[in-house]
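Participant:
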Amino acid sequence: MKSMRPELRYGLTMTAGLIIYFLITKILGLTHITELRVLNFFIVLAVLYRAFKTFRERDINKQFNYLQAFMFGFFTTAIGTVVFAVFIFFYIQFLDPALMETVRQKAPLGEYLNPYLVACALIAEGSLSGALATFMLINVKNANQIEGQLNGREDEDALPASTRSAATKTTAAKSAKSAT
24 MKSMRPELRY
34 GLTMTAGLII
44 YFLITKILGL
54 THITELRVLN
64 FFIVLAVLYR
74 AFKTFRERDI
84 NKQFNYLQAF
94 MFGFFTTAIG
104 TVVFAVFIFF
114 YIQFLDPALM
124 ETVRQKAPLG
134 EYLNPYLVAC
144 ALIAEGSLSG
154 ALATFMLINV
164 KNANQIEGQL
174 NGREDEDALP
184 ASTRSAATKT
194 TAAKSAKSAT
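Residue numbers (this note's numbering): 24 to 203.
1) If you draw a straight line from the C-alpha of LYS164 to the C-alpha of LYS76, how long is it?
2) So GLU58 is in the alpha helix (DSSP H); what residue range does that whole segment cover?
3) For LEU71, which of helix, strand or coil comes out of DSSP?
4) Below 8 Å, how does it come out for the region 141-148 and the region 104-114: are there three or more Cβ pairs, yes or no?
5) Of all the alpha helix (DSSP H) runs that stay within the bounds of the region 122-175, which reach a length of 4 or more residues?
6) When you compare only the Cα positions, how much space is there between ASN88 and GLU124?
7) Out of ARG73, PRO131, VAL141, which one is the CA nearest neighbour of PRO120?
8) To the nearest angstrom, report how far apart ILE42 and GLN172 are at their CA atoms.
9) So what does DSSP say about LEU118, is it helix, strand or coil?
10) Enumerate in chain order the residues of its own chain whose CB-to-CB distance from PHE149 is below 6 Å, with the five nearest sequence positions on each side excluded.
11) Going by beta carbon distance, what residues of the same chain come within less than 8 Å of GLY218, once the five residues before and after it are set aside?
12) In chain order, what residues of the same chain have a beta carbon less than 7 Å from the beta carbon of PHE93, not counting five sequence neighbours either side?
13) Could you check if ASP180 is buried or exposed, using at least 16 other CB atoms within 10 Å of its CB as the buried criterion?
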């Protein structure tokens, strides 16, 4: 699994977390409480935090800029939520159609829902929560870097390559050359 692209690896990790959480709520008989979906956000947030941390540690050039970070988070979340939505689709279509009836009764406009629309709604909800989590994580990281710079403890390795000083770039290039 280590040889997989990070987006795929952490997307599948996200799927596993969401499925486990769903099955726990099912076992505890809490699936009828639709408000518990809010806790899915914290699963998404935790997985994205770990994904960003791992990716940053492995990024040799430290060129993980804002757009790359946002796209990384978006693709990771898209993989996780699409696979989870497919799981839920098959679950409510074939394994537990009674759950679909419960969703119809509890959800706004529930009379119009079917397994396809539930899966599409999960993809939309998951993608939006992933975009929000990505936005939060990127901006907290940037705020911490700025605070560090203001307090005189600049972590130049954490900064994008375009904002690092020339001396640091030269030192990084020399150490990369000597490592090869």
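Think of the CB as a built atom: it goes at the ideal place given N, C-alpha and C, for glycine as much as any other residue.
Facilitator: Walking through what the data contain:
1) Their backbone Cα atoms lie some 10 Å apart in a straight line.
2) Here GLU58 belongs to no alpha helix (DSSP H), and DSSP marks it neither H nor E.
3) Of the three classes helix, strand and coil, the one that applies to LEU71 here is helix, per DSSP.
4) Counting C-beta pairs closer than 8 Å gives three or more between the region 141-148 and the region 104-114, which meets the contact rule.
5) The region 122-175 contains these whole alpha helix (DSSP H) runs: 138-173.
6) Looking at the two C-alpha atoms, the distance is approximately 45 Å.
7) Distance check between PRO120 and each of ARG73, PRO131, VAL141 places VAL141 closest, using alpha-carbon atoms only.
8) Distance between the alpha carbons of ILE42 and GLN172 is about 41 Å.
9) LEU118: helix per DSSP, three-state reduction.
10) What sits at residue 149 in the sequence shown is Gly, not Phe. For GLY149, where only same-chain residues beyond five positions count, the Cβ hits under 6 Å are THR104.
11) Within the shown structure, residues of the chain are numbered from 24 to 203, placing residue 218 beyond reach of any answer.
12) Around PHE93: THR157, ILE161.
13) With a pLDDT of 49 at ASP180, under the threshold of 50, the modelled position of this residue cannot be trusted; read the value that follows with caution. Flag for ASP180 reads exposed.
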